[in-house]
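Residues in the sequence shown are numbered consecutively from 1, following the UniProt record's numbering. These notes are about the structure you will find just below.
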Amino acid sequence: MKKKVITIGMLMMAGVVFSQVGIGIKAPHKSALLELKASEGEYRGVLIPRIPLKDLTDVSQINRGDVATSLLVFNTTTNNVLSNGFYYWSGVKWVRLINNQDIIDNIDTFPRNKVLEVRGDVLVLEDTKGLKVDTPIQDLNIITTIKEGENGTYVYKNEAGEESVINITGSVIENITEILNNTEVKEEIYNTVAAQGKAITAKDNSITLVGGNKAVLEETQIAVTDGGITTAKIAAGGKKQILITNAKGEVVWVDATDEVIIDAVKNNETVT
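Next up, the structure:
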């Protein structure tokens, strides 16, 4: 009797074990046939079998060719049709699981629709299977508007009719330092201002200017005013002469006699 009870109990337990399998967990989720759990400090992953497939239809190395649909493997072979990565068996061939980099590397080779013609209000396309598809152009239109508002703002309305305000002035003010330090902006400002630039010129021969082209925004002339410094006034005198302004207000060179020096000291207190 005891042997029968033990046998029946073992069979019942076996039924429970084979209905669900848990690794690292005592009670697998009811929706899963297999649940694996890694505990903190002992994290591990699932290592998918690595198999060197020969081509997209090669099943010779797996269970003598009897391969179940959806079987997942990691291919280690690289050739003109295979590359390293995960593949699953579709029933007739191996299909690679693609990632973001695969899309980037092959974006130019993806099949695309071809525009054949515009017939009235209809756009005629040819899809990737060679079938012609008529698409009303009106269905392709995305109606959006942008209108100028007040105080440097613009109102944008999207295809759903929702409006949003774009504050151009505020954005410029908040980022003015960064904008003005931008090399392209600096060049644009310089080229714009330089295009309007005028030259600074000498009105007479009293002064010589170098590099005065496009120096100002309005034409400008520079000259020494009457009674100011002139070439004649600061021309070199003779030996033992000093430069003075006489009683007539004229600047002249005179001999440095005792009388002249005494008058200069008397009137100016010092002689340089």
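Beta carbons: idealized from backbone N, C-alpha and C, even for Gly.
If you draw a straight line from the Cα of N191 to the Cα of N213, it comes to about 14 Å.
Here L72 is bridged, per DSSP, to Y88.
If only complete runs of 3 or more residues are kept, the region 192-218 shows the beta strand (DSSP E) at 200-202, in order along the chain. For E178, the enclosing alpha helix (DSSP H) begins and ends at I176 to L180. When the five nearest sequence neighbours on each side are left out, the beta carbons in the same chain lying within less than 7 Å of the beta carbon of S164 are those of Y156, in order along the chain.
Distance from A215 to A202 at the Cβ level is roughly 13 Å; contact not present, criterion being Cβ atoms closer than 8 Å. The bridge partners DSSP lists for N167 are T153. In this structure, the straight-line span from the alpha carbon of I168 to that of G197 is close to 29 Å.
Nearest Cα to T128 within the set P136, S31 and R112: R112. Between I166 and Y154, the beta carbon gap of about 4 Å places them in contact (Cβ cut-off 8 Å). Around the CB of V95, fewer than 16 other CB atoms lie within 10 Å, so the residue is classed as exposed. No Cβ-Cβ contact shorter than 8 Å links V251 with I242.
Looking at N84, W89, Q221 and G41, the one whose alpha-carbon comes closest to that of S60 is W89. Spatial neighbours of G91 in its own chain (CB-CB distance under 6 Å, excluding positions within 5 residues in sequence) are listed in chain order as T69. In this structure, the CA atom of V122 is about 16 Å from the CA atom of L131.
8 Å or more divides the Cβ of L116 from the Cβ of L82. Judged by DSSP in its simplified three-state form, V260 adopts helix. Here I23 has L36 as same chain residues with Cβ atoms under 6 Å from its own Cβ, once five neighbours each way along the sequence are excluded. Per DSSP, Q61 lies in no beta strand (DSSP E) and is assigned neither H nor E. With a threshold of 16 other beta carbon atoms within 10 Å, V193 falls short and is exposed. In this structure, the alpha-carbon of N205 lies about 41 Å from that of E184.
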